[in-house]
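Residue numbers (our numbering), protein chains in the order written: chain A, 24 to 354; chain B, 24 to 354; chain C, 70 to 402; chain D, 70 to 402.
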Amino acid sequence: MRQITLSKAVNEAIAEEMRRDPTVFLMGEDVAEAGTPFKVLSGLVEEFGTERVIDTPIAEPGFMGLAVGAALTGSRPVVDLMFGDFLFLVMDQLCNQAAKAYYMSGGKLNVPMVLRTNLGATRRSAAQHSQSLHALVAHIPGLKVALPSSAYEAKGLMKTAIRDNNPVVIFEDKLMYNDKAPVPEEEYLIPFGQANILREGVDITLVGTSSMVQVCQKAAEMLAAEGISAEVIDPRTIVPLDEETILESVRKTSRAIVVDEGHQSYGITGEIASRISEKAFYHLDGPVIRMGAMDVPVPFSPALEDITVPTPERVAENARRLMRGEMFDAT
Amino acid sequence: MRQITLSKAVNEAIAEEMRRDPTVFLMGEDVAEAGTPFKVLSGLVEEFGTERVIDTPIAEPGFMGLAVGAALTGSRPVVDLMFGDFLFLVMDQLCNQAAKAYYMSGGKLNVPMVLRTNLGATRRSAAQHSQSLHALVAHIPGLKVALPSSAYEAKGLMKTAIRDNNPVVIFEDKLMYNDKAPVPEEEYLIPFGQANILREGVDITLVGTSSMVQVCQKAAEMLAAEGISAEVIDPRTIVPLDEETILESVRKTSRAIVVDEGHQSYGITGEIASRISEKAFYHLDGPVIRMGAMDVPVPFSPALEDITVPTPERVAENARRLMRGEMFDAT
Amino acid sequence: MSPAKKKTKTNIEDYLRMYTQMVRIRAFEDQANQLYLSAKMPGLTHMYSGEEAVAVGICEALTDDDRITSTHRGHGHCVAKGADFKQMFCELLGKEEGYCRGKGGSMHIADQSHGNLGANAIVGGSMGIATGSALRSRLQGSKDVTVCFFGDGATAQGLLYEVMNMAALWKLPVIYACENNGYSEYTATDEIAAGSIKARPEAFGIEAFQVDGQDVLAVNDLTSRLVQRARKGEGPFFIELLTYRYHGHHVGDINRDYYRTKEEETIWKEQRDPIVNFGAWLTKEGIASDEELEKIRADVKADSEAAVEYALAAKYPDVSEVSMHVYAPDDAA
Amino acid sequence: MSPAKKKTKTNIEDYLRMYTQMVRIRAFEDQANQLYLSAKMPGLTHMYSGEEAVAVGICEALTDDDRITSTHRGHGHCVAKGADFKQMFCELLGKEEGYCRGKGGSMHIADQSHGNLGANAIVGGSMGIATGSALRSRLQGSKDVTVCFFGDGATAQGLLYEVMNMAALWKLPVIYACENNGYSEYTATDEIAAGSIKARPEAFGIEAFQVDGQDVLAVNDLTSRLVQRARKGEGPFFIELLTYRYHGHHVGDINRDYYRTKEEETIWKEQRDPIVNFGAWLTKEGIASDEELEKIRADVKADSEAAVEYALAAKYPDVSEVSMHVYAPDDAA
Ligand SMILES: Cc1ncc(C[n+]2csc(CCOP(=O)(O)OP(=O)(O)O)c2C)c(N)n1
Ligand SMILES: Cc1ncc(C[n+]2csc(CCOP(=O)(O)OP(=O)(O)O)c2C)c(N)n1
Ligand SMILES: [Mg+2]
Ligand SMILES: [Mg+2]
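As structure tokens, this is what we get:
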């Protein structure tokens, strides 16, 4: 199968959906001629024109608001938010307006829109351009949240998101834009709420999201070399969350580590680990271990930044200790 | 001891700190002559004048920004945010600016400010005036988060918050403003990171925050009548979190329920339950049960709103099932 | 009264409909206030009484295809845009037959069928929504116009300037209708708004107008002209409507002496009431007799009472509805 | 060159300091660019070259007690406000001796000792901070003034209008300095700013000025006057400075043809360079000889090279610093 970059996969997904459905349009800062600073959207304005690929002023709350209004009245906007850190600027429009319109109107008004943005540290971009803020939106009922972990997921989830009748937030890992993966030529969609089992195993379950899927995969390889068989699961969407696939795996392996790039405290790992502990309690041989990013703003210095996020080595080390039945503090 | 309302307790705390420290000032919408819609701040403008009790335009991002700048340069602002739901509007100033300034400047600039706001449903105020959004700020390193559960805590935590050298967010339960509790005449402060054990018990630990402390207390009374001895713990601040007191209790009781009024998914209960499951794993007789608000926007209709939040009856029922060793889905 | 419109057969119908609509708003609010005072209504609410000419003058210039966004003080906009009393009262009481099945209440009432995209409990929260609706109209080549209602206090929200900038750049068919009732909760407008409200949109290249918000014909004439121009791509526009709210900021705001005088209230109520003055003009011009107007008022009152009765007796949504409508289903589903 | 200032002994010192400061900014940026191109600098950065007269003209009108807030394009402000090369380069390279112990980097560089409250990676993110610093000055009866730097693109952020409203209402000693370099990333200003930038503050009752941002004396004269007035409580003020950035939006923005022409760049660089033109004026007026200016440039260059060497050799913070500075300790602690 052909291999394409995550960047190209996103571009294809949006182009295909814009061809299919004339109500889909794109808006954001420098999305047109510039194709975004990451060049993910290059070429779209040439095909669809400036009417459907709209450069906005630097007014995140404003253009999020416009997207909500357009979506409420029959369009399907795809909004580009240049950095996930700017989510803080659009929270009111996203969480007080978009997320609640369907419920508050008793099902009469809905907001079919996609907010595409990114996450991920270790790019030396410092505290305001490196955050992984998906936990914030995952906490708000009415929003769906997708975390593609490769070009394949990026395309399939984006297409599903654009067709979804609700506001969907997609976080791409900005370090992965140039990573290639096999992506079929034929059209496909990835349904929301279906986890992907990347690797089967019997000793321990590694649940990883987004950028951390690769980290878990590498850890699993290291463990395999030592005779430990790890199962690697990517939930792909955290809202809705495919709890069943995760639970089934843990019921089999009896051990689990949950790895995510958001800050550890009050984040994603707590939710997933709690569900496992609650619902697979009598199957567990040891505590579910959580590994998030450190609870510190992301530092600029390369000497500091890299140690704030989980690494394959540390995942593997925690897995070994769990296998040995050690009681330990993973933080 | 005298009994005063939570509203009066907050008012006293702010007044005392304003008398003590001339750099403390108050700002927000209708905080001066009107004393806020909840009348919590009545009388302060008479004592301190409009220079230190400042009515702002309806510009939440703007006045939060002003507070950050004032705090960075030597003032100690107390900002009044009329409803916790408006947090979404100030997230950038709070989370990208205030929370990170100390870290990003390598310890050279700090932001000693307090953001006081509220939480709590069942006031028939619908989806945009009823949210309990403390999980969002608890996830952001650099912020401290306090959740007073009575007039006593409201006063002691507010005084500590104003003296703290970091940005602190305090959520008051808006249904509790008129509830009275014993509050000493003498000055006292409640240190952050010290949980309060409201009731000792040996069979089960109930961890409740804010409004849910009373719910846990009532549940404990119901259980006591049936011979089940529940320990009730109020963390008082969720950042920093007094993990030790909670763990010690669970190591004794072997069972725990965590109750909070924020949405259950990706919220407070997941973090606290995970820490218990991780660190008291070998002491647990059953899964840690979580009880948050339902994952739905808060509905207006009284027929629906009341069932979205945990009640003493439901906490007690879950406690009984846990005691019986039943395997069940608490959600 | 602005004499801009001539007295013709059609106009007579228009005039009487405007009168009726203003009376309907007043009647609705009187009932809502009673429901609150008698503790039959949950939560709280913000009364539109006194500002009727604004909502009616504007909405009568619109068709059902045109959209509006509304505010926390939204009953007037809802009635003026064509909503039905029964469904409105049901919503205010949290009943299943309400416009939002009881889930929205007073602060989120919406009426999709007449183009009311909903009230909003976030001050300024619908400025983006209105502008986005106008963007959709432009993109899809539709002719509809969107009116964004908001108060003088809401002009403090930065969002307004962000969306006005885009509306101006892209010539969107949106009309910003600033209901300047002199107060933002318990604070006078001059204390919270620097400079000139009207100069602000102008600085973004938006044509702006000020109009007497108590004069339904003046409001309607101006709006009609602007709606036609907006349909032709000459928008956006901004209208500042000078008006007054009779009640407190919300139904519980009883003691208002510390922020506005009884005299001021009396002057507005006794000399500038939009319904009384329009009624006087209608009779003076021979368009309607006192008796005809009296009958309109009586009919509306009866209607509103019947609707309240109906809503009080209507049933609450079933508890199972609590987790319905969080997510819209797939089209296939 | 604006001839407003007379040639006196003091002025001569001022002039040469302004010249030197502009040269220092240019030299700093040339080194930073080299570091980036030779892959010795982590992350990316935004060059201030071409805009030197803005930062220097303004900051030379301020004292160390006066504060500034800076932007993503902040090296120029930092140098102009008095920062030291070594600590700056250490910060850009993430070293322990940097102004922020390497935690901030280019986009968050701050220099507390000279009143620079820091660069900001959120466009418009420091507008509230600057205004709040001015509020603190007013509340504490201080005489210091705060200058808020931001770009033309940042005028799209609603926050600006929220804080200008409050600054105007409360007469705060803040000066909004809009560096209009014609572009917001890869987009021309006219495509993202409707109406008139200068009319916007005026609509809020704020006195606003437009000035040639390539003319350091014009900038300095205007700012000096406004700073004095702001100290007396006559603020706030707004200055739009017309300027140009020589490099791309950030160091990696090499192919710029699709958004601006080579000719345009050439005209600004060859005809409007603030350093060249000011140097020519200094020699024409007999204030300095070519040799003196040449020596200034050579000294600065040597300084900057030494600082880079120093910073490259300096050590990184210890890994234990990663969890330091999340929370400020108690005063007692
Ligand atoms: C973002 C936000 N801030 C504050 C409030 C509280 N609040 C509700 S109405 C109101 C005053 C609004 O004044 P104005 O816009 O003039 O409308 P009016 O009530 O006069 O119709 C305020 C401050 C809110 N609902 N939303
Ligand atoms: C809130 C926010 N939105 C977008 C960006 C990305 N961004 C960085 S600089 C920039 C352009 C800023 O233009 P301008 O204000 O004119 O400053 P200039 O770069 O021209 O100095 C943008 C869009 C950002 N950093 N913050
Ligand atoms: Mg008003
Ligand atoms: Mg610019």
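A virtual CB, placed ideally from N, CA and C, is assigned to each residue, including glycine.
Can you tell me whether V345 of chain C is buried or exposed, with buried defined as 16 or more other CB within 10 angstroms of its CB?
-> Translated into the one-based positions of the third sequence, residue 345 of chain C becomes position 276. With fewer than 16 other Cβ atoms within 10 Å, it is exposed.
Pocket of ligand 4 defined by Cβ to heavy atom distance under 6 Å: With 6 Å as the limit, the residues whose C-beta approaches any heavy atom of ligand 4 more closely are D:G220, D:D221, D:G222, D:N250, D:Y252, D:S253, in sequence along the chain.
From the beta carbon of F273 of chain C, is the nearest beta carbon of chain D less than 7 Å away? For this step, residue 273 of chain C is matched to residue 204 along the third sequence. So yes, F273 of chain C belongs to the interface.
**Prompt:** Buried or exposed: which applies to P386 of chain C, given that a residue is buried once 16 or more other Cβ atoms fall within 10 Å of its Cβ?
**Reply:** Looking up residue 386 of chain C in the third sequence gives position 317. That one is buried.
Relative to the C-alpha of H394 of chain D, which candidate in B:F109, B:T73, B:K131, B:F106 has its C-alpha closest?
As a working note, residue 394 of chain D is residue 325 in the fourth sequence. Considering only alpha carbons, the answer is B:K131.
Backbone secondary structure at R222 of chain B - three-state DSSP: Sequence index remark: in the second sequence, residue 222 of chain B carries index 199 (1-based). Three-state result, R222 of chain B: strand.
- Secondary structure at G293 of chain A, three-state DSSP: helix, strand or coil? The residue you call residue 293 of chain A lines up with position 270 of the first sequence. In the three-state reduction of the DSSP assignment, G293 of chain A falls in the helix class.
Range covered by the beta strand (DSSP E) that runs through D78 of chain A: Working through the first sequence from its first residue, we reach residue 78 of chain A at position 55. Start and end: 76-78.
Which residues of chain C have a Cβ atom closer than 8 Å to the Cβ of T331 of chain B, listed in chain order? Within the second sequence, the letter at position 308 stands for residue 331 of chain B. Residues of chain C passing the Cβ test: V391.
task: May I ask whether a heavy atom of ligand 2 can be found less than 6 Å away from the beta carbon of F109 of chain A?
output: Within the first sequence, numbered from 1, the residue matching residue 109 of chain A stands at position 86. F109 of chain A Cβ: within cutoff of ligand 2.
Mind listing the chain A neighbours of Q226 of chain D? Cutoff is C-beta to C-beta under 7 Å, in chain order.
Taking the first residue of the fourth sequence as 1, we reach residue 226 of chain D at position 157. Residues of chain A passing the Cβ test: I81, A82.
Practice item. Specify the secondary structure class of D180 of chain D as computed by DSSP and reduced to three states. Key: As a working note, residue 180 of chain D is residue 111 in the fourth sequence. It is a strand residue.
Review point. So which of D:E332, D:D326, D:Y396, D:D290 has the shortest CA-CA distance to D83 of chain D?
Key: Taking the first residue of the fourth sequence as 1, we reach residue 83 of chain D at position 14. Here the closest residue by C-alpha is D:D290.
Checklist line | Interface flag, R147 of chain B vs chain C, CB-CB below 7 Å | finding: Within the second sequence, numbered from 1, the residue matching residue 147 of chain B stands at position 124. Closer than 7 Å to some Cβ of chain C, the Cβ of R147 of chain B qualifies, so yes.
| Straight-line gap, C169 of chain D to P111 of chain D (C-alpha atoms, nearest Å) | Looking up residue 169 of chain D in the fourth sequence gives position 100. Looking up residue 111 of chain D in the fourth sequence gives position 42. Distance between the alpha carbons of C169 of chain D and P111 of chain D: 15 Å.
Reduced DSSP secondary structure (H/G/I, E/B, other) of T268 of chain B: If you number the second sequence from 1, residue 268 of chain B lands on position 245. T268 of chain B: helix per DSSP, three-state reduction.
Could you work out which residues of chain A lie near S297 of chain B, taking near to mean beta carbons separated by less than 8 Å? Numbered from 1 along the second sequence, position 274 holds the residue referred to as residue 297 of chain B. Chain-ordered, the chain A residues with CB closer than 8 Å to the CB of S297 of chain B read T292, G293, A296, S297, S300, V311, R313.
Mind pulling the chain C residues with CB within less than 8 Å of S403 of chain D? Outside the displayed range of chain D (70 to 402) lies residue 403 of chain D, so it cannot be described from this structure.
- Got a sec: does ligand 6 put a non-hydrogen atom nearer than 6 Å to the Cβ of V192 of chain D? Annotation note on ligand 6: not contained in the displayed structure, which lists ligand 1, ligand 2, ligand 3 and ligand 4 as its ligands.
Are there any heavy atoms of ligand 1 lying less than 6 Å away from the beta-carbon of R142 of chain C, as far as the coordinates show? Here residue 142 of chain C refers to the residue found at position 73 when the third sequence is read from its first residue. At least one heavy atom of ligand 1 is nearer than 6 Å to the Cβ of R142 of chain C, so yes.
Under 7 Å, Cβ to Cβ, is there at least one residue of chain D near L132 of chain B?
Locating residue 132 of chain B in the second sequence gives position 109, where the first residue counts as 1. With 7 Å as the cut-off, L132 of chain B counts as an interface residue toward chain D.
Helix, strand or coil: which one does DSSP assign to Y245 of chain D?
Within the fourth sequence, residue 245 of chain D is the residue found at index 176, counting from 1. In this structure, Y245 of chain D counts as strand in the three-state DSSP scheme.
Confirm the yes/no value for this check: CB of I137 of chain C, any heavy atom of ligand 1, distance under 6 Å. Sequence index remark: in the third sequence, residue 137 of chain C carries index 68 (1-based). No - ligand 1 has no heavy atom lying nearer than 6 Å to the Cβ of I137 of chain C.
Buried versus exposed call for P135 of chain B [16 or more other C-beta atoms within 10 Å across all chains shown]:
Taking the first residue of the second sequence as 1, we reach residue 135 of chain B at position 112. Label assigned to P135 of chain B: buried.
Original post:
When the Cα atoms are used, what is the spatial distance from A402 of chain C to N133 of chain B?
Top reply: As a first step, residue 402 of chain C is located in the third sequence; it is residue number 333 there, counting from the start. As a first step, residue 133 of chain B is located in the second sequence; it is residue number 110 there, counting from the start. In this prediction, A402 of chain C scores a pLDDT of 45, lower than 50, which makes its location untrustworthy; no coordinate-derived value is stated.
Inset, instruction - Flag this pair as touching only if the stretch 367-377 of chain C and the stretch 90-104 of chain C have three or more C-beta atom pairs under 8 Å; answer yes or no. - result: yes
Practice item. Examine ligand 1 and report whether any of its heavy atoms sits within less than 6 Å of the Cβ of E160 of chain D. Key: Within the fourth sequence, the letter at position 91 stands for residue 160 of chain D. Because no heavy atom of ligand 1 lies under 6 Å away, the Cβ of E160 of chain D does not count as near it: no.
| message | Using a Cβ-Cβ distance cut-off of 7 Å, determine whether N479 of chain D contacts chain C. | response | Outside the shown range of chain D, which is 70 to 402, sits residue 479 of chain D, and nothing can be said about it.
- When every heavy atom of ligand 2 is checked, does at least one fall within less than 6 Å of the C-beta of I77 of chain A? In the first sequence, the residue the question calls residue 77 of chain A occupies position 54. The answer is no for I77 of chain A.
Tell me the DSSP bridge mates of H394 of chain D?
What you label residue 394 of chain D is simply residue 325 of the fourth sequence in a count that begins at 1. Answer is none; H394 of chain D lacks a bridge partner.
- Query: Among all the DSSP beta bridges, which residues are the ones paired with T200 of chain D?
  - Reply: Looking up residue 200 of chain D in the fourth sequence gives position 131. BP columns for T200 of chain D are empty, so no partner.
### Message
Run through the DSSP bridge pairs and tell me what D281 of chain D is partnered with.
### Response
By one-based count along the fourth sequence, residue 281 of chain D stands at place 212. DSSP, once it has assigned bridges, lists D:L311 as partnering D281 of chain D.
- Task: Would you check if the stretch 95-107 of chain A and the stretch 32-51 of chain A touch, i.e. whether three or more CB-CB distances between them fall below 8 Å?
- Result: yes
- G143 of chain A beta carbon less than 7 Å from that of L198 of chain A: Position 175 of the first sequence holds residue 198 of chain A. Position 120 of the first sequence holds residue 143 of chain A. It is a contact, given that the beta carbons lie within the stated cut-off.
- Query: Looking at M105 of chain B and ligand 1, is the gap between the Cβ and the nearest heavy atom below 6 Å?
  - Reply: Counting from one through the second sequence, the residue named residue 105 of chain B turns up at place 82. True, at least one ligand heavy atom lies under 6 Å from that Cβ.
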